[in-house]
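Enquirer: Sharing a structure below in structure tokens format, with a few things to ask.
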Amino acid sequence: MGKRFKNQASQLVECLCSSLRKCVFSVLSVGPLPDHIAFIMDGNRRYAKKCNLLEGDGHKLGYSALMNMLKYCYELGVKFVTIYAFSIDNFKRRPEEVQSTMQLIQEKIEDLIKEESLVNQYGVRIYFLGNLKLLSKSVRLAAEKAMRATAGNSKAVLSICLAYTSTDEIVHAVQESCDEKRDKIRASKSCMAGNGTIAVRGNGKDGSKEIIAVHDVEKHMYASVAPDPDVIIRTSGETRLSNFLLWQSACCLLYAPSLIMCSVNGMLNGPRFHSFYCETDSMEVRTYYSALALRVLVISFAVVDQHGLW
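Remember, this note's numbering sits 522 above the position in the sequence shown when you count from 1.
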């Protein structure tokens, strides 16, 4: 009897919290919201060490926190979310650690596309960004399967950076742009063979020769599936981008709360972020981004509750 009452009470509290969250989010979603939030998930290993957990347990808890954040983002109406899951540089870690991380990644990719998953609940399309050739065959196939399975979803986009660094992305984009231009030049030469001097003209009014422009490089970026992020949030207080979206982050906001990924479970920390924008000269910009910052932080972090605030 006592156990049954406890279960019923737990369900009631969960229902009330869910209703409260929806009411709060309906208010917060009125006004400016970021279109795109990017997360650098940091601190999982430190958390596991601090709590005397197995190394892999930290990553599992980090994944659970990530799912909560994604749910909050999509409920608020943020369409694009990008997460930094695994850097190319992470392959330099101990082989056994890399292997266990890859096994966990494959397991969680498969969980993402299950019928009852958050991805299907919110109509999220998944992209995996990075040099996927560096992944093991099983992980790569799981990633490709997830992208195919969610190709019909159009309400939101989740980009997972896997075997990724920004420098690798830029080199890839430049190489693809050069190859594209070279192929155009070869095609032009083939079509104009025997007609005298050949000049590959650009679209400019001055008739200058065609060169590689910024938009040529950007369309070949791994991250071209989404607009540039409005905000990049890195957990654990680290203030480094760690080779993440360097090209795309030129004009975005950066925030590094001291909370580590595993400890994050919803939040309200607008005032701490607000002071940063009070330094700007434009009242209009200050007002806009203070509102935006509050909404971003409600989505992401601030009140730490190991049992889940929401």
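Heads up, the beta-carbon is just placed ideally off N, CA and C, and yes, glycines get one too.
Three-state secondary structure (DSSP) at residue 710?
Expert: Taking the sequence shown and counting its residues from 1, the one referred to as residue 710 is at position 188. In the structure shown, residue 710 sits in a helix (DSSP, three-state: H, G or I).
Enquirer: Determine, using beta carbons only, whether residue 756 and residue 772 come nearer to each other than 8 Å.
Expert: Within the sequence shown, residue 756 is the residue found at index 234, counting from 1. Within the sequence shown, residue 772 is the residue found at index 250, counting from 1. Not a contact, by the Cβ cut-off of 8 Å.
Enquirer: What is the rounded straight-line gap between the Cα of residue 690 and the Cα of residue 610?
Expert: As a working note, residue 690 is residue 168 in the sequence shown. As a working note, residue 610 is residue 88 in the sequence shown. Those two C-alpha atoms are separated by around 9 Å.
Enquirer: Just the Cα atoms here: how many angstroms apart are residue 797 and residue 555?
Expert: Here residue 797 corresponds to residue number 275 of the sequence shown, with the count starting at 1. Here residue 555 corresponds to residue number 33 of the sequence shown, with the count starting at 1. Residue placement at residue 797 cannot be trusted, given a pLDDT of 42 that sits under 50; what the coordinates show is reported in the next sentence. For residue 797 and residue 555, the distance between alpha carbons rounds to 19 Å.
Enquirer: So the alpha helix (DSSP H) residue 660 belongs to, where does it begin and stop?
Expert: Locating residue 660 in the sequence shown gives position 138, counting from the first residue. 659-671 is the span of the alpha helix (DSSP H), which, as asked, contains residue 660.
Enquirer: Return the chain-ordered list of same chain residues with a C-beta closer than 7 Å to the C-beta of residue 639, the five sequence neighbours on each side being excluded.
Expert: Residue mapping note: residue 639 aligns to position 117 of the sequence shown, counting from 1. Result list for residue 639: 633, in chain order.
Enquirer: Taking the alpha carbon of residue 669 as the reference point, which residue from 642, 739, 613, 754 has its own alpha carbon closest?
Expert: Counting from one through the sequence shown, the residue named residue 669 turns up at place 147. Measuring from the Cα of residue 669, the nearest candidate turns out to be 642.
Enquirer: Can you give me the Cβ contacts of residue 692 inside the same chain, cut-off strictly under 7 Å, excluding the 5 residues immediately before and after it?
Expert: The count along the sequence shown starts at 1 and reaches residue 692 at position 170. If we look at residue 692 and ignore the five residues flanking it on each side, its Cβ neighbours are 769.
Enquirer: For residue 726, is the classification buried or exposed, using 16 other Cβ atoms within 10 angstroms of its Cβ as the cut-off for buried?
Expert: One-based indexing of the sequence shown puts residue 726 at position 204. Reliability fails at residue 726, whose pLDDT of 48 lies under 50, so the model's placement of it is uncertain and the value that follows must be treated cautiously. Label assigned to residue 726: exposed.
Enquirer: Buried or exposed: which applies to residue 780, given that a residue is buried once 16 or more other Cβ atoms fall within 10 Å of its Cβ?
Expert: Here residue 780 is taken as the residue at index 258 of the sequence shown, counted from 1. Per the 10 Å Cβ criterion, exposed.
Enquirer: Beta-carbon separation of residue 671 and residue 628 under 8 Å?
Expert: As a first step, residue 671 must be located in the sequence shown, where it is residue number 149. As a first step, residue 628 must be located in the sequence shown, where it is residue number 106. Not in contact: residue 671 and residue 628 (Cβ atoms no closer than 8 Å).
Enquirer: Check for me: the alpha helix (DSSP H) holding residue 836 runs from which residue to which?
Expert: Because the chain in this structure spans residues 523 to 832, residue 836 falls outside the shown range and cannot be described.
Enquirer: For residue 803, which residues from the same chain have a beta carbon less than 7 Å from its beta carbon, with the 5 sequence-adjacent residues on both sides left out?
Expert: Taking the sequence shown and counting its residues from 1, one reaches residue 803 at position 281. Its pLDDT being 44, under 50, residue 803 is placed unreliably by the model, and the measurement read from it follows with that caveat. If we look at residue 803 and ignore the five residues flanking it on each side, it has no Cβ neighbours.
Enquirer: Just to confirm, are residue 775 and residue 753 a CB contact at a threshold of 8 Å?
Expert: Numbered from 1 along the sequence shown, position 253 holds the residue referred to as residue 775. Numbered from 1 along the sequence shown, position 231 holds the residue referred to as residue 753. Against a cut-off of 8 Å, the Cβ pair of residue 753 and residue 775 comes out as a contact.
Enquirer: Pull up the DSSP beta-bridge partners for residue 753, would you.
Expert: As a position in the sequence shown, residue 753 is number 231, starting the count at 1. 559, 775, per the DSSP bridge assignment.
Enquirer: Just the Cα atoms here: how many angstroms apart are residue 618 and residue 685?
Expert: As a first step, residue 618 is located in the sequence shown; it is residue number 96 there, counting from the start. As a first step, residue 685 is located in the sequence shown; it is residue number 163 there, counting from the start. Computed Cα separation, rounded: 17 Å.
Enquirer: Let me confirm a value: residue 560 is counted as buried when at least 16 other C-beta atoms fall within 10 Å, else exposed. Which label applies?
Expert: Along the sequence shown, one-based indexing puts residue 560 at 38. Per the 10 Å Cβ criterion, buried.
Enquirer: If we count the other Cβ atoms within 10 Å of its Cβ and call it buried at 16 or more, is residue 594 buried or exposed?
Expert: Residue 594 sits at position 72 when you count from the first residue of the sequence shown. Residue 594 is buried by the Cβ-count criterion.
Enquirer: Helix or strand or just coil, what does DSSP make of residue 616?
Expert: In the sequence shown, the residue the question calls residue 616 occupies position 94. Coil at residue 616, not helix or strand.
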